[in-house]
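Single-structure report; data block below.
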Amino acid sequence: MSPSPPPPPSLPVSASQAASGAAAASPQSVDLTNWFLDAKRSLASVALCARANSLVDSARGALQEAAIISSKCLFLRNALQDQLLVAIRVNRMMHSVREASKSDFEKIVADLDNADARLNQTLGVLRKSVVDPAFNPPSNPEGEESTPTSTKHRTLHDFVDDEGIENLKSRLRHLIDQVQESHDALLTSLTEFDGDISELDTAINNLTEFASNNAQGGRITSESIMPQIHALEDQAKAMAGLLEALTQHYDRCCAALKQSEPTTNRNQEGGMMGMAESMSPEEKQEMYRVLEKDALEVDDVVTELKERYNDMENIQSHILGQLEELNMLRHNTYATFALFEQFQTNLGSFVERMREFETQQDGYARGMEDRLDELWQLGEFYEGFISAYDAMVIEVGRRKGVSVRMEAIIRDTMKRLQVLYDDDLADREAFKEEQGHLLPVDIWPGVMDLPIRYSVAKDTNGANELPGISKEVVGKALARQQQQGKGGM
Numbered sequence: 006m007s008p009s010p011p012p013p014p015s016l017p018v019s020a021s022q023a024a025s026g027a028a029a030a031s032p033q034s035v036d037l038t039n040w041f042l043d044a045k046r047s048l049a050s051v052a053l054c055a056r057a058n059s060l061v062d063s064a065r066g067a068l069q070e071a072a073i074i075s076s077k078c079l080f081l082r083n084a085l086q087d088q089l090l091v092a093i094r095v096n097r098m099m100h101s102v103r104e105a106s107k108s109d110f111e112k113i114v115a116d117l118d119n120a121d122a123r124l125n126q127t128l129g130v131l132r133k134s135v136v137d138p139a140f141n142p143p144s145n146p147e148g149e150e151s152t153p154t155s156t157k158h159r160t161l162h163d164f165v166d167d168e169g170i171e172n173l174k175s176r177l178r179h180l181i182d183q184v185q186e187s188h189d190a191l192l193t194s195l196t197e198f199d200g201d202i203s204e205l206d207t208a209i210n211n212l213t214e215f216a217s218n219n220a221q222g223g224r225i226t227s228e229s230i231m232p233q234i235h236a237l238e239d240q241a242k243a244m245a246g247l248l249e250a251l252t253q254h255y256d257r258c259c260a261a262l263k264q265s266e267p268t269t270n271r272n273q274e275g276g277m278m279g280m281a282e283s284m285s286p287e288e289k290q291e292m293y294r295v296l297e298k299d300a301l302e303v304d305d306v307v308t309e310l311k312e313r314y315n316d317m318e319n320i321q322s323h324i325l326g327q328l329e330e331l332n333m334l335r336h337n338t339y340a341t342f343a344l345f346e347q348f349q350t351n352l353g354s355f356v357e358r359m360r361e362f363e364t365q366q367d368g369y370a371r372g373m374e375d376r377l378d379e380l381w382q383l384g385e386f387y388e389g390f391i392s393a394y395d396a397m398v399i400e401v402g403r404r405k406g407v408s409v410r411m412e413a414i415i416r417d418t419m420k421r422l423q424v425l426y427d428d429d430l431a432d433r434e435a436f437k438e439e440q441g442h443l444l445p446v447d448i449w450p451g452v453m454d455l456p457i458r459y460s461v462a463k464d465t466n467g468a469n470e471l472p473g474i475s476k477e478v479v480g481k482a483l484a485r486q487q488q489q490g491k492g493g494m
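One gets our numbering by counting positions in the sequence shown from 1 and adding 5 to each.
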C-alpha cells in the first residue's frame, strides 16, 4: 500500500487539550504506535540488504577469479602432462639405447671369449706338441759339456710370443673395463633420470588428485559459476523485495499515525476550523486491519531476511572455499612447474651424457672389433703353426726320400762308370801291348793316357744336414694332416 499524503501542519493546542487527547487515546492508537516502532526497528535490515549486495559483487568477482585460476591451472597441468610424456619417451629411448649397447657389448664379449678359448686351446696343443729332438740345434758346438737346459725337450709353445698375446689381452681387458665404466656411468645417470620421472609423475598425480577432490575437480568455467551467481542474485532480489515490503509497512504505519491525530485548521484570520478526519471510519478500519495483519508478519520477514543473508554467506563461504582451494591448486601447480623447469636443466645433461655414451661406444666397439680380429688371427696363426710343423716334418721326410733316391742313383751310376772305366783301361792296355811299340812317342802324347775317371761330390750349398726323423714321426704327421683335411684338429 502506498503511503498517504502528509496531513497539513497541525496548529498549536493548549495543554488541557493535549492532556484530554492523551487521556482519550484509543487502543488502536497504542497498537499503531507499537506497530510503528516495530516497523522502524525492522528498517535496520536495510544494512543487511546493503551487505547482501556487496556480497553478491564480492562473490561474482571471486567466482570470476576462480574461473581464471582454474583455466590457467588446467592449461598448465595439461602442458606438464604432455612434457612428462615426452620425458618418459626420452627416458625409454635412452634405456633402449643402453640395452641395445649392452646387448652388443655382451655379444662381442661372447665372441672374445670364444676367440680367447680357441686361442687358449691352440696354445694348449702347442704346449703338448714336443718338437722332435732331430730338430734341436747341435749342442756344444765347441765341445762344451751338456747342460740340463740344453737337453730339455722343446715344445711348439716355446716359439709363441707370450708377451704379445698378453699385451693384446691386456688391451682387451682395459677396453672392457672402459666399456663397463661407461655403462655404469650411464646407468647412474638413468637412475637419476628415473628418479626425476618418478618424482614428476608423483607430483602430477598428486596435483590431479588434489584437483579432482577439490573445487569441482579443479575445473571452474563461466557456465559452472552461473548457478551460484544466480542463487546469490535471487536471494538478494528476494531480500530487496522483503525490505520494500517492510518499508511500505513503515510508510503505512506513519500514515496511520498521522490519520489518527486531530488536526486544527486555521483560516487566514486565525479562526478555528474544528476537528476533521481525512479518512472515513470504514477506510480507517480497513487500514487498521491491514496494518494489524502486516504487523504480525514483521518479525517473520526480518527473520527471513536474516536467514536469506545467512544462506548467501554460506554460498559465499563455499565460493571462497573454492577460491582458496584453487589458490592452493595454483600454488601446487606453480611448484610442480618449477620442478619441471629444474628437470629441463637435468634433462639437457642426461641427453648430453647419452650422446657422449653413444660416441664412446662407437669408439670402444671399433677397438674391440679390431682386438677381436687380432685374437682370431692369432688363433688362426698358431693353428697354422701346428699344421705347418706337421708339414715341415712331412717335408723333411720327402727330402730324405729324395736324398735316398739320389744316392741310389749315384751309387748305381758309379758302379756303371766303374765298369766302363775298367773296360776302357783293359782296352787301352791291350792297345799298348799290340801297337805301342810301333808308334813313335811324339805322334800323340795322349796315346799312353789313362781313362777319364768321374767322381760325384755332394754340394750342400751351405745347407744343414737333414734331421734324422723316423718314419713313425713322419707317419703321425701325415695322419694329422689328413685328419685336418677332413675338418678335424
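Each residue gets a CB set at the ideal place from its N, CA and C atoms; glycine is no exception.
Residue i, enclosing alpha helix (DSSP H) - first and last residue
| i | result |
| --- | --- |
| P286 | P286 to Q440 |
| E204 | D167 to N218 |
| R65 | S50 to K133 |
| R485 | K476 to G490 |
Selection from the options that minimises the alpha carbon distance to residue i
| i | options | result |
| --- | --- | --- |
| D163 | L117, L180, N141 and T341 | N141 |
| M411 | Y387, S101, Q365 and D464 | D464 |
| V1 | R97, L383 and Q253 | With the chain covering only 6 through 494, there is no way to say anything about residue 1. |
| Q240 | I74, Q321 and P450 | Q321 |
| C78 | L205, A190, L331 and D375 | L331 |
| Q183 | A370, A340 and K242 | A370 |
| I399 | V51, E438, R65 and A482 | A482 |
| Q264 | W381, K289 and Q86 | K289 |
| V461 | L212, Y314, K420 and L444 | K420 |
| A5 | R56, S108, Y293 and V409 | The chain is shown only over 6 to 494; residue 5 falls outside these bounds and no answer can be derived. |
| L455 | G246, L430, S285 and M98 | L430 |
| H336 | T350, V407 and N211 | N211 |
| G372 | I414, V409, L117 and W449 | L117 |
| H158 | E171, R132, H179 and D167 | R132 |
| N469 | E434, G389 and V401 | V401 |
| K476 | G406, E171, G200 and E104 | G406 |
| D167 | L192, K437, L124 and T196 | L124 |
9 Å Cβ cutoff met for residue i and residue j
| i | j | result |
| --- | --- | --- |
| T4 | L248 | A question about residue 4 goes unanswered here, because the residues of the chain that appear run from 6 up to 494. |
| F345 | L89 | yes |
| E374 | I113 | yes |
| F342 | A92 | no |
| L352 | V130 | no |
| A120 | L377 | yes |
| L334 | A67 | no |
| G467 | M453 | no |
| I209 | L85 | yes |
| M359 | V61 | no |
| S106 | E363 | yes |
| G314 | R56 | Reading off the sequence shown, one finds Tyr at residue 314, where the question assumed Gly. Taking 9 Å as the Cβ cut-off, Y314 and R56 qualify as a contacting pair. |
Nonlocal neighbours in the same chain, by C-beta distance under 8 Å from residue i, ignoring five residues either side
| i | result |
| --- | --- |
| E379 | L173 |
| E297 | D36 and W40 |
Within-9 Å CB hit, residue i to chain B
| i | result |
| --- | --- |
| S194 | Any reference to chain B falls outside this structure, which holds one protein chain only. |
Chain-order list of residues whose beta-carbon lies under 6 Å from that of residue i (same chain, five-residue window excluded)
| i | result |
| --- | --- |
| A44 | H254, Y255 and C258 |
| M71 | The sequence as given places Ala at residue 71; Met does not occur at that position. Counting only Cβ-Cβ distances below 6 Å, and skipping sequence neighbours, we find I225, Q327, L328 and L331. |
| F110 | V184 |
| W381 | A120 |
Cβ separation of residue i and residue j, assumed to be a contact under 8 Å, to the nearest whole Å
| i | j | result |
| --- | --- | --- |
| L161 | S134 | 4 Å |
| G473 | A139 | 5 Å |
| V295 | L251 | The Cβ separation is near 14 Å, so there is no contact. |
| L471 | R404 | 6 Å |
| C500 | M244 | Lying outside 6 to 494, the shown extent of the chain, residue 500 is not represented and no answer is given. |
| T127 | Y387 | 5 Å |
| R485 | D395 | 5 Å |
| A64 | L310 | That pair is no contact at about 18 Å. |
| S534 | Q69 | A query on residue 534 cannot be resolved here, the shown segment of the chain reaching from 6 to 494 and no further. |
| F215 | M99 | F215 to M99, Cβ: 31 Å. No contact. |
| V303 | S50 | Not really, about 10 Å apart at Cβ, beyond 8 Å. |
Sequence-distant residues of the same chain with beta carbon closer than 7 Å to residue i, five excluded per side
| i | result |
| --- | --- |
| P10 | Here the model assigns P10 a pLDDT of 36, short of 50, so the residue's position is not dependable, and the following value carries that caveat. Answer for P10: no residue qualifies. |
| R458 | Y426 |
| Q489 | S392 |
| L81 | T338 and F342 |
| V478 | D137 and V398 |
| R176 | R376 |
| A300 | W40 and D43 |
Residue i Cβ short of 8 Å to the ligand SAM heavy atom set
| i | result |
| --- | --- |
| R404 | Among the components modelled here there is no ligand, and therefore nothing to report on the ligand SAM. |
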